[in-house]
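Notes follow the structure.
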């Protein structure tokens, strides 16, 4: 004889698995992830607070808890990408290291990052719209950091060191092209670029030193 089993409505349904709630930090990261997906698929211009919220399956007002506006969201995405790069560099370099080693590690990790996240980074830094000032900011920070290191390594004048730095950073885009065209593997491209960069800096430093001796 069948027996009816009464269920207690106050107890949780064992067949129901509650959806876990994301923390504020996790929700913010998800917004950045969704913005990155949109950029890779459709470009920077396709990113709006509404489009990111729709992809995240949340109310469009939720995004404003974490970002003031679209530009703030995109700026946070740029900063996150470069924070990952900095963490990779710091993870591979000891606290005290030679300039040559720092150059080689930075070059290899930058090329590896481009290989992994190239479509996003290229559209973020070389795309259209309000990101131009973020790209300039990133470039200026890189120029300042590397110019200072080149000055310390070669005793070049600060103005000359800045010129050398800007030329080397421009040449790095050529290294990226060589890698992406498949002309040489990543490690070989990084080694070639580093060798050329080091030799070039040394040649400029020697020329500068000889010019100063001649008065």
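Numbering (the UniProt record's numbering), first residue to last: 1 to 215.
Backbone N, C-alpha and C define an ideal beta-carbon position, used for all residues, glycine too.
Practice task
Would you mind working out which of 121, 95, 104 sits nearest residue 44, comparing C-alpha positions?
Solution key: On the chain shown, position 44 is the one that residue 44 refers to. Residue 121 is the option with its Cα nearest to residue 44.
Practice task
Could you check which residue in 176, 123, 103 has the C-alpha nearest to that of residue 194?
Solution key: Position 194 of the chain shown, counted from the start, is the residue given in the question as residue 194. Comparing Cα positions, the closest option is 103.
Practice task
Figure out for me which residue from 175, 74, 176, 163 has the closest Cα to the Cα of residue 134.
Solution key: For the purposes of this step, residue 134 is identified with residue 134 of the chain shown, where counting begins at 1. Taking only the C-alpha atoms, the option nearest residue 134 is 74.
Handout entry: As assigned by DSSP and simplified to three states, the class of residue 203
Key = Here residue 203 is taken as the residue at index 203 of the chain shown, counted from 1. DSSP places residue 203 in helix when its eight states are reduced to three.
Exercise for the section: Would you check if there are 3 or more beta carbon pairs closer than 8 Å linking the stretch 134-146 to the stretch 200-214? Expected result: no
Handout entry: At least 3 beta-carbon pairs within less than 8 Å: the stretch 107-119 vs the stretch 54-72
Key = no
Exercise for the section: Could you tell me which uninterrupted alpha helix (DSSP H) segments, each at least 4 residues in length, are contained entirely in the UniProt domain "HTH tetR-type" (25-85), listed from first to last along the chain? Expected result: 49-56
Problem - Rounded separation between residue 160 and residue 172 - CA only - result: The residue you call residue 160 lines up with position 160 of the chain shown. The residue you call residue 172 lines up with position 172 of the chain shown. Rounded to whole angstroms, residue 160 to residue 172 spans 18 Å at the Cα level.
Problem - Pair within 8 Å by beta-carbon distance, residue 70 and residue 40 - result: Translated into the one-based positions of the chain shown, residue 70 becomes position 70. Translated into the one-based positions of the chain shown, residue 40 becomes position 40. No.
Practice task
Along the alpha helix (DSSP H) that carries residue 169, what are the first and last residues, could you check?
Solution key: Sequence index remark: in the chain shown, residue 169 carries index 169 (1-based). Unbroken alpha helix (DSSP H) run through residue 169: 158-180.
Exercise for the section: Have a look at residue 67 and residue 116 and give me their C-alpha separation to the nearest angstrom. Expected result: Here the question's residue 67 lines up with position 67 in the chain shown. Here the question's residue 116 lines up with position 116 in the chain shown. Distance between the alpha carbons of residue 67 and residue 116: 26 Å.
Exercise for the section: Report the three-state DSSP secondary structure of residue 215 (helix, strand or coil). Expected result: Here residue 215 refers to the residue found at position 215 of the chain shown. Of the three classes helix, strand and coil, the one that applies to residue 215 here is coil, per DSSP.
Practice task
With DSSP as the reference, label residue 208 as helix, strand or coil.
Solution key: Translated into positions along the chain shown, residue 208 becomes position 208. Looking at residue 208 - three-state DSSP - the assignment turns out to be helix.
Problem - Whether residue 35 touches residue 93 by CB criterion (8 Å) - result: Locating residue 35 in the chain shown gives position 35, counting from the first residue. Locating residue 93 in the chain shown gives position 93, counting from the first residue. Cβ atoms of residue 35 and residue 93: not closer than 8 Å.
Exercise for the section: Compare the beta carbon distance of residue 63 and residue 85 with 8 Å and say whether it is the shorter of the two. Expected result: The residue given as residue 63 occupies position 63 in the chain shown. The residue given as residue 85 occupies position 85 in the chain shown. Result no, Cβ atoms of residue 63 and residue 85 do not sit closer than 8 Å.
Problem - Test item: CB-CB of residue 231 and residue 99 under 8 Å - result: A query on residue 231 cannot be resolved here, the shown segment of the chain reaching from 1 to 215 and no further.
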